[in-house]
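Peer 1:
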Amino acid sequence: MNRAAVICGLGGALPETLVSNADLARELDTSDEWIRSRTGIENRRVIAPGQATSDLAVAAGSRALASAGAAADDVDLVVLATSTPDHPCPATAPAVAQRLGMPGAAAFDVAAVCTGFVYALAAAAAMLTAGTVRQALVIGADTFSTILDPADRTTRAVFGDGAGAVVLRPGDPAEPGALLGFDLGSDGAGSDLITVRAGGSRQRSAGGDAPAEDHWFAMQGRAVFAEAVLSMSKSAQHLIDRIGWAGRGPDRVVAHQANLRILRAVGEQLGLSEEQITVHLDQVGNTVAASIPLALADAQNKGTLTPGQRVLLTGFGGGLTWGSTALIWPSLHLAPAPAHI
Ligand code: COA
Numbered sequence: 595m596n597r598a599a600v601i602c603g604l605g606g607a608l609p610e611t612l613v614s615n616a617d618l619a620r621e622l623d624t625s626d627e628w629i630r631s632r633t634g635i636e637n638r639r640v641i642a643p644g645q646a647t648s649d650l651a652v653a654a655g656s657r658a659l660a661s662a663g664a665a666a667d668d669v670d671l672v673v674l675a676t677s678t679p680d681h682p683c684p685a686t687a688p689a690v691a692q693r694l695g696m697p698g699a700a701a702f703d704v705a706a707v708c709t710g711f712v713y714a715l716a717a718a719a720a721m722l723t724a725g726t727v728r729q730a731l732v733i734g735a736d737t738f739s740t741i742l743d744p745a746d747r748t749t750r751a752v753f754g755d756g757a758g759a760v761v762l763r764p765g766d767p768a769e770p771g772a773l774l775g776f777d778l779g780s781d782g783a784g785s786d787l788i789t790v791r792a793g794g795s796r797q798r799s800a801g802g803d804a805p806a807e808d809h810w811f812a813m814q815g816r817a818v819f820a821e822a823v824l825s826m827s828k829s830a831q832h833l834i835d836r837i838g839w840a841g842r843g844p845d846r847v848v849a850h851q852a853n854l855r856i857l858r859a860v861g862e863q864l865g866l867s868e869e870q871i872t873v874h875l876d877q878v879g880n881t882v883a884a885s886i887p888l889a890l891a892d893a894q895n896k897g898t899l900t901p902g903q904r905v906l907l908t909g910f911g912g913g914l915t916w917g918s919t920a921l922i923w924p925s926l927h928l929a930p931a932p933a934h935i
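Each step along the sequence shown adds one to the number in my numbering, with nothing skipped, and position 284 is 878.
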């Protein structure tokens with residue numbers, strides 16, 4: 595079997611409502627200067643009351659299908675990476691598939707927090723190259739604004755809502771867009787660093803006695819920062835060695851958009867210049883599972899990602915989890931800006 599999963603479509607979606615650093619500073623004890631200098635973030639977007647993760651996922655998925663020129667019934671797998679599903683049960687992917695006009699498609703969610711998109715790509719690529727499915731839609735979508743403590747100035751500054759998606763088709767490993775391999779891993783010893791403690795089987799949502807704050811997202815920022823740099827650098831380097839890119843290295847790295855200082859540190863560890871590191875977090879913050887595909891769409895639209903470049907994607911998130919993949923950037927046609935909902 596000599597098939598590869600090839601990226602042939604890309605799209606993103608963001609909520610209309612923009613929250614600037616100045617907006618946050620009017621509400622919380624923070625400042626534009628602190629947020630900009632500690633994170634590189636200037637704006638983030640948040641969904642409106644009544645909207646949910648699936649609304650963003652459908653908008654991004656539909657953009658990716660249009661970009662691929664794929665008909666909905668050509669796609670028989672939808673994998674949705676999210677840690678903010680519409681409901682704890684069932685998964686959100688089947689509803690997304692149905693709304694996109696593919697009601698018979700296999701559909702499931704992947705929960706690997708900020709690494710979710712890379713894990714979802716790996717799962718879809720494996721099913722596609724095994725011949726289980728014909729074409730796949732892989733979506734990363736999260737709405738962390740729905741789980742942040744309104745009084746937490748740190749997480750409110752960092753996270754934003756969004757969705758990004760790609761279409762995968764079968765192809766040749768030598769063609770642009772082919773995913774060249776994966777490096778995936780986890781370390782449950784760090785599971786306390788990024789959490790929503792309540793609402794699961796350990797601290798139950800119904801009839802449980804979890805304190806109110808355990809329903810909010812919590813993060814140990816300092817420790818997460820160090821782990822993010824280490825894990826993404828190591829994972830990226832493992833993959834570079836495994837796929838034979840060690841000599842020339844990647845032309846561009848699109849890393850999970852958590853913090854500008856993390857991106858710079860990963861670039862330094864990999865011996866890359868600042869220009870080789872894609873930055874999108876200034877406009878959208880950390881959009882969790884959406885961060886890598888949204889950064890790809892933004893870079894493609896700005897012209898900083900061009901066909902033929904050696905592109906490495908690397909992510910890190912709660913769990914702890916990490917993962918990387920790589921491809922030669924293909925020629926893609928996509929709408930000039932993400933959909934706004
Ligand atoms: N505005 C002003 N001050 C703030 C603030 C804000 N928005 N958020 C935190 N602070 C304060 C803290 O209260 C603390 O004050 P103290 O020294 O009086 O206690 C001080 O700034 C330093 O806090 P610390 O958490 O050590 O700051 P930091 O330099 O580590 O930056 C993060 C905090 C969250 C920006 C940074 O740790 C980070 O980006 N971590 C990774 C987050 C991430 O990527 N998460 C997702 C992983 S996938």
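The beta carbon of each residue, even a glycine, is placed where N, CA and C say it ideally should be.
Go through its chain and collect everything with a Cβ distance to leucine 866's Cβ below 8 Å, but skip five positions before and after it.
Peer 2: Counted from its first residue, the sequence shown places residue 866 at position 272. Result list for leucine 866: Gly843, Pro844, Val847, in chain order.
Peer 1: At a cut of 8 Å, does the stretch 656 to 668 reach the stretch 749 to 765 through at least three beta carbon pairs?
Peer 2: With a cut-off of 8 Å, the stretch 749 to 765 and the stretch 656 to 668 count as touching, because enough Cβ pairs lie within range.
Peer 1: Please state the DSSP three-state secondary structure of glycine 603.
Peer 2: To locate residue 603, count along the sequence shown from 1; it is residue 9. In the structure shown, glycine 603 sits in a strand (DSSP, three-state: E or B).
Peer 1: Report yes if the C-beta distance between valine 540 and valine 707 is below 8 Å; otherwise report no.
Peer 2: Residue 540 lies beyond the residue range present for the chain, which begins at 595 and ends at 935; the question has no answer from this structure.
Peer 1: Would you mind working out which of Asp755, Leu824, Phe819 sits nearest leucine 612, comparing C-alpha positions?
Peer 2: Here the question's residue 612 lines up with position 18 in the sequence shown. Selected option, being the one with the closest Cα: Asp755.
Peer 1: Leaving aside the five residues before and after glutamate 610 along the sequence, list all residues of the same chain whose C-beta is less than 8 Å from its C-beta, in chain order.
Peer 2: Translated into positions along the sequence shown, residue 610 becomes position 16. Here the set comprises Arg639, Ala642, His934, Ile935.
Peer 1: Whose C-alpha, out of Asp617, Val732, Trp628, Ser625, is nearest the C-alpha of aspartate 670?
Peer 2: Here residue 670 corresponds to residue number 76 of the sequence shown, with the count starting at 1. Measuring from the Cα of aspartate 670, the nearest candidate turns out to be Val732.
Peer 1: Return the CA-CA distance between aspartate 648 and leucine 928, expressed in angstroms with no decimal places.
Peer 2: Locating residue 648 in the sequence shown gives position 54, counting from the first residue. Locating residue 928 in the sequence shown gives position 334, counting from the first residue. A small fix is needed here, since residue 648 is serine in this sequence, not aspartate. Near 21 Å, if we compare the C-alpha coordinates of leucine 928 and serine 648.
Peer 1: Just to be sure I understand the criterion: a residue counts if its Cβ is closer than 5 Å to at least one heavy atom of the ligand COA. Which residues meet that?
Peer 2: In chain order, the hits are Thr624, Trp628, Arg632, Thr633, Cys708, Arg747, Thr748, Ala751, Gly815, Arg816, Val818, Phe819, Ala852, Asn853, Gly911.
Peer 1: Let me know the secondary structure DSSP gives leucine 715 once reduced to three states.
Peer 2: On the sequence shown, position 121 is the one that residue 715 refers to. Three-state DSSP puts leucine 715 in a helix.
Peer 1: Would DSSP call tryptophan 916 helix, strand or coil?
Peer 2: Indexing the sequence shown from 1 puts residue 916 at position 322. Residue state, collapsed to three classes: strand.
Peer 1: Please report the residue range of the alpha helix (DSSP H) in which serine 656 lies.
Peer 2: Position 62 of the sequence shown holds residue 656. Start and end: 647 to 662.
Peer 1: The beta strand (DSSP E) that contains phenylalanine 910, what's its start and end?
Peer 2: Locating residue 910 in the sequence shown gives position 316, counting from the first residue. Start and end: 904 to 911.
Peer 1: Any chance you could list the beta strand (DSSP E) runs of at least 3 consecutive residues sitting entirely within the stretch 747 to 807, in chain order?
Peer 2: Those beta strand (DSSP E) runs which fall completely within the stretch 747 to 807 and span 3+ residues are 756 to 765, 776 to 780.
Peer 1: Find the nearest neighbour of alanine 849 within the set Asn895, Arg796, Thr919, judged by alpha-carbon distance.
Peer 2: Within the sequence shown, residue 849 is the residue found at index 255, counting from 1. Measuring from the Cα of alanine 849, the nearest candidate turns out to be Thr919.
Peer 1: Please classify glycine 913 as buried or exposed, where buried requires at least 16 neighbouring CB atoms within 10 angstroms.
Peer 2: Position 319 of the sequence shown holds residue 913. Looking at its Cβ environment, which holds 16 or more other Cβ atoms inside 10 Å, glycine 913 is buried.
Peer 1: Can you tell me whether glycine 909 is buried or exposed? The criterion is at least 16 other CB atoms within 10 Å of its CB, across all chains shown.
Peer 2: Along the sequence shown, one-based indexing puts residue 909 at 315. Buried: at least 16 other Cβ atoms inside 10 Å.
Peer 1: Going straight from the alpha carbon of glycine 838 to that of aspartate 703, what length do you get?
Peer 2: Counting from one through the sequence shown, the residue named residue 838 turns up at place 244. Counting from one through the sequence shown, the residue named residue 703 turns up at place 109. Roughly 32 Å separates the two Cα atoms.
Peer 1: Would you kindly work out how many angstroms separate the C-alpha atoms of alanine 714 and aspartate 746, rounded to a whole number?
Peer 2: What you label residue 714 is simply residue 120 of the sequence shown in a count that begins at 1. What you label residue 746 is simply residue 152 of the sequence shown in a count that begins at 1. C-alpha separation (whole angstroms): 30 Å.
Peer 1: Can you tell me whether proline 887 is buried or exposed? The criterion is at least 16 other CB atoms within 10 Å of its CB, across all chains shown.
Peer 2: On the sequence shown, position 293 is the one that residue 887 refers to. By the 10 Å Cβ count, proline 887 comes out buried.
Peer 1: Does the stretch 815 to 822 come close enough to the stretch 790 to 797 that 3 or more CB-CB pairs lie under 8 Å?
Peer 2: At 8 Å Cβ cutoff, the stretches do not touch.
Peer 1: Can you look up threonine 676 in the DSSP assignment and give me helix, strand or coil?
Peer 2: For the purposes of this step, residue 676 is taken as the residue at position 82 of the sequence shown. In the structure shown, threonine 676 sits in coil (DSSP, three-state: anything other than H, G, I, E or B).
Peer 1: Measure from the alpha carbon of proline 744 to the alpha carbon of each residue in Pro932, Gly917, Ala619, then state which is nearest.
Peer 2: Position 150 of the sequence shown, counted from the first residue, corresponds to residue 744. Looking at the Cα atoms, Ala619 is the closest of the given residues.
Peer 1: Alpha helix (DSSP H) containing serine 566: first to last residue?
Peer 2: Since the first residue of the chain shown is 595 and the last is 935, residue 566 is not available in this structure.
Peer 1: So for arginine 638, helix, strand or coil by DSSP?
Peer 2: Taking the first residue of the sequence shown as position 1, residue 638 is located at position 44. In the structure shown, arginine 638 sits in a strand (DSSP, three-state: E or B).
Peer 1: Would you mind working out which of Gly644, Gln645, Asp626 sits nearest glutamate 563, comparing C-alpha positions?
Peer 2: Residue coverage of the chain in this structure runs from 595 to 935, which leaves residue 563 outside it and unanswerable.
Peer 1: Under a Cβ-count criterion, where at least 16 other Cβ atoms within 10 Å of its own Cβ denotes burial, should arginine 728 be classed as buried or exposed?
Peer 2: To locate residue 728, count along the sequence shown from 1; it is residue 134. Flag for arginine 728 reads exposed.
Peer 1: Measuring CA to CA, which of Thr740, Leu650, Gln903 is closest to glycine 605?
Peer 2: For the purposes of this step, residue 605 is identified with residue 11 of the sequence shown, where counting begins at 1. The residue with the shortest Cα to Cα distance from glycine 605 is Leu650.
Peer 1: What is the DSSP secondary structure of methionine 826, counted as helix, strand or coil?
Peer 2: Numbered from its first residue, the sequence shown carries residue 826 at position 232. Reduced to three states, the DSSP call for methionine 826 is helix.
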